[in-house]
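Those letters in the sequence shown? Residues -24 to -1, 1 to 149, by mature numbering (1 follows the signal peptide of the UniProt record, and there is no 0). The beta carbon of each residue, even a glycine, is placed where N, CA and C say it ideally should be.
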Amino acid sequence: MDGFNLRHLALAVALSTGMGSAFAATSNTFVDNAAAGGIAEIEASRLALEKSASADIKEFATMMITDHGNANDELATIAKANGIEVPDDTTLVKQAKEKILELRDESFDAAYANNQVKAHEEAIELFKKEANTVTDDKVKGGPELKAFAQKMLPALEKHLARAKDLQAKHPSK
């Protein structure tokens, strides 16, 4: 899609800033937050496919499911290769579904679009921080995670731009 290798889209796209905070006990905060965000993105997008009648929302949701599923797989591979614990998907899915229930205050399409903008802004901030981290080989997975974050930023920025387009087409009432 548009020249971007979107299978590398790692997305720490959390439904709220608190999605990843429950995993501070694991060994890498970036991995925890990125995994939590990816799962949250997939679950919100699955719900969008069920609830929305808008073709543009469904198209974006399908792209999010594919991109974030592939990104989480890649992130898990890097983490496991470096002995970094990855949060349990079951727990993450449960938390994501609880957060999704909070999207009931406005029309679903508007809530989903607004959430996508916020979540992608937060993801870009998280990935920029990791991409600009000074790493050393003694940090588990440091160089690989830094390279992963750098690789993901262009696709995250593209997702944000598309999310803003959706937000403009589906304003809150």
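Sequence-distant partners of D32 (beyond 5 residues in either direction) whose C-beta falls short of 7 Å from its own C-beta, in its chain, are L142, K145. Its chain contains H96 as the residues whose beta carbon lies nearer than 6 Å to that of L136, once the 5 sequence neighbours on both sides are disregarded; these appear in chain order. Within a 10 Å sphere around the beta-carbon of N48 sit 16 or more other beta-carbons, which makes this residue buried. Residue environment: E19 is assigned as buried (16 or more neighbouring CB atoms within 10 Å of its CB, all protein chains considered). If the five residues before and after K56 are omitted, its C-beta is found closer than 8 Å to the C-beta atoms of V62, all from its own chain and listed in chain order. Spanning the alpha carbons of K104 and T5 requires a straight line of approximately 14 Å. One alpha carbon belongs to T38, the other to A139, and they sit about 13 Å apart.
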